[in-house]
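Sequence lines, in order, name chains A and B. So the first sequence is numbered by the numbering used here: it starts at 489 and just counts up by one. So the second sequence is numbered by the numbering used here: it starts at 4 and just counts up by one. Cβ atoms here follow ideal geometry from the backbone N, Cα and C, with glycine treated the same way. Take a look at the structure set out below.
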Amino acid sequence: MRMTGSRSRRLKSLARRWALAGLCLALAPCAHAAVLAPFEVAGDAIPQSLTGDKGDPARGRAIVVDRQKGLCLLCHSGPFAEQRFQGDIAPSLEGAGSRWSEGQLRLRLVDAPRLNRDTSMPSYYRIDGLNRVAPAFKGKPVLEAQQIEDVVAFLASLRETPTAQEKP
Amino acid sequence: MRAQWILPACVMLLAANSARAEIPLHERKSGAEFMSPQTQAMQADDVSNPGMLAALDGEAFWKQKAGAANKACADCHGPAEESMKGVSARYPAFNASASKPIDVQGQVNQCRSERQQAAPFRFESRELLALTTYIGLQSRGMPVSPPDDERLTLFRERGKALFNQRLGQLNFSCAHCHEDNWGRKLGSAPIPQAHANSYPIYRLEWQDVGSLQRRLRNCMTGVRAEAYSYGSPEFIELELFLAARARGMSVETPGVRP
Numbered sequence: 489m490r491m492t493g494s495r496s497r498r499l500k501s502l503a504r505r506w507a508l509a510g511l512c513l514a515l516a517p518c519a520h521a522a523v524l525a526p527f528e529v530a531g532d533a534i535p536q537s538l539t540g541d542k543g544d545p546a547r548g549r550a551i552v553v554d555r556q557k558g559l560c561l562l563c564h565s566g567p568f569a570e571q572r573f574q575g576d577i578a579p580s581l582e583g584a585g586s587r588w589s590e591g592q593l594r595l596r597l598v599d600a601p602r603l604n605r606d607t608s609m610p611s612y613y614r615i616d617g618l619n620r621v622a623p624a625f626k627g628k629p630v631l632e633a634q635q636i637e638d639v640v641a642f643l644a645s646l647r648e649t650p651t652a653q654e655k656p
Numbered sequence: 004m005r006a007q008w009i010l011p012a013c014v015m016l017l018a019a020n021s022a023r024a025e026i027p028l029h030e031r032k033s034g035a036e037f038m039s040p041q042t043q044a045m046q047a048d049d050v051s052n053p054g055m056l057a058a059l060d061g062e063a064f065w066k067q068k069a070g071a072a073n074k075a076c077a078d079c080h081g082p083a084e085e086s087m088k089g090v091s092a093r094y095p096a097f098n099a100s101a102s103k104p105i106d107v108q109g110q111v112n113q114c115r116s117e118r119q120q121a122a123p124f125r126f127e128s129r130e131l132l133a134l135t136t137y138i139g140l141q142s143r144g145m146p147v148s149p150p151d152d153e154r155l156t157l158f159r160e161r162g163k164a165l166f167n168q169r170l171g172q173l174n175f176s177c178a179h180c181h182e183d184n185w186g187r188k189l190g191s192a193p194i195p196q197a198h199a200n201s202y203p204i205y206r207l208e209w210q211d212v213g214s215l216q217r218r219l220r221n222c223m224t225g226v227r228a229e230a231y232s233y234g235s236p237e238f239i240e241l242e243l244f245l246a247a248r249a250r251g252m253s254v255e256t257p258g259v260r261p
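As structure tokens, then:
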């Protein structure tokens, strides 16, 4: 299923071409300049990298523990001994890389409600179909494509420890 | 709550974000129950509860003449201990002259402009918070008792739909946090059930008294949503729904919160 069609790719290259000239202001609404990279969903995964490249797990970890950027620890806990406050709304991120493939992790970050309509896991790479987004965040995904790839690379590196594997 | 089955289908569709279970009566908990024992003790003791200072201020404003009418609230209403008893437990209520529901702060400002003929108080002003805290205190210990007024039904149902609607860049509904995840931790903060039985509150983080609407605006900006404006119809609708959810719980104004 192709999620963003040729229209948004056209917009994207337009945006790239005009952005430097500052013409984005003239292209109302400006927010649309932040067009998402196109991606394809296959089953419960997005197999291809959003940027075409592999992410950097170290940068990914920094995003995950950052309470303004990733916000992950508001809801999740995980193997982050230095982080005092971790949420317990969602399953621990420990071993996420053993449970899911990179493609599955990518879709869970990009738009988790596609898998579970009622989930409270935010869509990190989506700008449409949202309601009353505050002006400072309008037209922007929570994370950029590169950041998504960094987080995917980090999550994929989180392997189940032997004790955790024994759990049912 | 049972009345939901006889609501018009369109309202049901709006509200039916998901078939999520409401909090059963026997599991309802006031926000104070999620606080540390120290903060609970601070709320429980009138000498250490900073909200009581606002109530004292409110008592002074209650007796102060104001406006072109040169009348004090007390000139028309007498002692608040009698005339205001139970008012905050009942509000928001349908206001016939405005032909819409209003909350206590809306009613205070209506008296302010129409009866005292003075400029209405600004939202979150010291005067408005003091008067609403003082009025709220007169209901302390009484059960939250929203009126069975048919004219409120549609507004309350709209409030319910707003409560269940996803908001902001993080795409969360009020219910995601307050019905699906109450008792769990959001970072360091325990998520309460969102009962509005203690407002206005003194919040340690604000180092000040604040209204229910200020609290709700905080929740909205937390999910990166554009908050409704103070006094907006959406807030009154949400307040009506919150009052219905808290029916029977004790009024605890002035609450203290971390």
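Query                                                                                                                                        : Result
Proximity of Ile204 of chain B and Pro146 of chain B at Cβ, strictly below 8 Å                                                               : no
Neighbouring residues, chain B, relative to Val621 of chain A (Cβ below 8 Å)                                                                 : Gly171, Gln172, Arg227, Ala228 and Glu229
Cβ pair Pro610 of chain A, Leu173 of chain B closer than 8 Å                                                                                 : yes
As assigned by DSSP and simplified to three states, the class of Ser253 of chain B                                                           : strand
Where the segment 558 to 585 of chain A meets chain B: residues whose CB sits under 8 Å from a CB there                                      : Leu559, Leu561, Leu562, Cys563, Arg572, Phe573, Gln574, Gly575, Asp576 and Ile577
Asp211 of chain B - partner residues in DSSP beta bridges                                                                                    : B:Arg206
Proximity below 8 Å, CB of Phe244 of chain B to CB of Arg159 of chain B                                                                      : yes
Contact list for Leu618 of chain A against chain B, beta-carbon separation under 8 Å                                                         : Arg169, Gly171, Gln172 and Asn174
Completely contained beta strand (DSSP E) runs for the segment 41 to 107 of chain B, where each covers 3 or more residues                    : 96 to 98 and 103 to 105
Own chain, CB closer than 7 Å to Ser589 of chain A, minus 5 neighbours either side, in chain order                                           : Ala533
Distance, Arg260 of chain B Cα to Gly510 of chain A Cα                                                                                       : Low local confidence applies: a pLDDT of 33 at Gly510 of chain A is under 50, so the model's placement there is unreliable, with the coordinate-based value given in what follows. One C-alpha to the other measures close to 47 Å.
Short-range partners of chain A found in the segment 177 to 199 of chain B, where Cβ spacing is below 9 Å                                    : His179, Cys180, Asp183, Asn184, Arg187, Lys188, Leu189, Gly190, Ser191, Ala192 and Ile194
Cβ-Cβ separation, Val640 of chain A to Arg594 of chain A (assumed contact under 8 Å), whole Å                                                : 5 Å
Extent of the continuous alpha helix (DSSP H) run through Val552 of chain A                                                                  : Pro545 to Val553
First and last residue of the uninterrupted alpha helix (DSSP H) at Val259 of chain B                                                        : Taken as a continuous stretch (DSSP letters only), Val259 of chain B belongs to no alpha helix (DSSP H), being part of the beta strand (DSSP E) at Gly258 to Arg260.
Residue-level contact to chain B via CB, Val630 of chain A, 8 Å cutoff                                                                       : yes
Which residues DSSP lists as bridging Val621 of chain A, in chain order                                                                      : B:Ala228
For Glu36 of chain B and Ser586 of chain A, the rounded distance between their alpha carbons                                                 : 39 Å
Entirely enclosed alpha helix (DSSP H) segments - the segment 525 to 603 of chain A, minimum 4 residues                                      : 545 to 553, 560 to 563, 584 to 587 and 590 to 599
Between the CA atoms of Pro193 of chain B and Val212 of chain B - distance to the nearest angstrom                                           : 21 Å
Listed by chain order, chain A residues near Thr224 of chain B by CB distance under 7 Å                                                      : Ala622
Contacts around Gly171 of chain B, its chain only, beta-carbon distance under 6 Å, and the 5 residues preceding and following it disregarded : Val226, Arg227 and Ala228
Environment of Ala516 of chain A [buried if 16+ CB atoms lie within 10 Å]                                                                    : Low local confidence applies: a pLDDT of 35 at Ala516 of chain A is under 50, so the model's placement there is unreliable, with the coordinate-based value given in what follows. Per the 10 Å Cβ criterion, exposed.
Rounded straight-line distance, which links the Cα of Arg115 of chain B to that of Phe124 of chain B                                         : 8 Å
6 Å CB neighbourhood of Ala633 of chain A in its chain, flanking five on each side removed                                                   : Ala525, Leu538 and Thr539
Where Ser608 of chain A meets chain D, residues with beta-carbon distance less than 8 Å                                                      : As a matter of chain content, chain D is missing from the structure shown, whose protein chains are A and B.
Neighbouring residues, chain B, relative to Glu555 of chain A (Cβ below 9 Å)                                                                 : Contrary to the premise, residue 555 of chain A reads as Arg rather than Glu in this sequence. Those within 9 Å of Arg555 of chain A in chain B are Gly190.
Beta-carbon contacts of Phe642 of chain A that lie in its chain and below 7 Å, excluding the five residues immediately before and after      : Pro545, Gly548, Arg549 and Val552
Per DSSP, the bridge partner or partners of Gly193 of chain B                                                                                : The sequence given here places Pro at residue 193 of chain B; Gly does not occur at that position. Paired residue(s): B:Lys188.
Validate contact between the segment 173 to 186 of chain B and the segment 96 to 107 of chain B using beta carbons, cut 8 Å, 3 pairs         : no
Per DSSP, cross-strand counterpart(s) of Pro629 of chain A                                                                                   : BP columns for Pro629 of chain A are empty, so no partner.
Buried versus exposed, by CB contacts within 10 Å (16 or more), Gly109 of chain B                                                            : buried
Extent of the continuous alpha helix (DSSP H) run through Phe238 of chain B                                                                  : Pro236 to Arg248
Beta bridge counterpart(s) of Phe175 of chain B as assigned by DSSP                                                                          : B:Leu170
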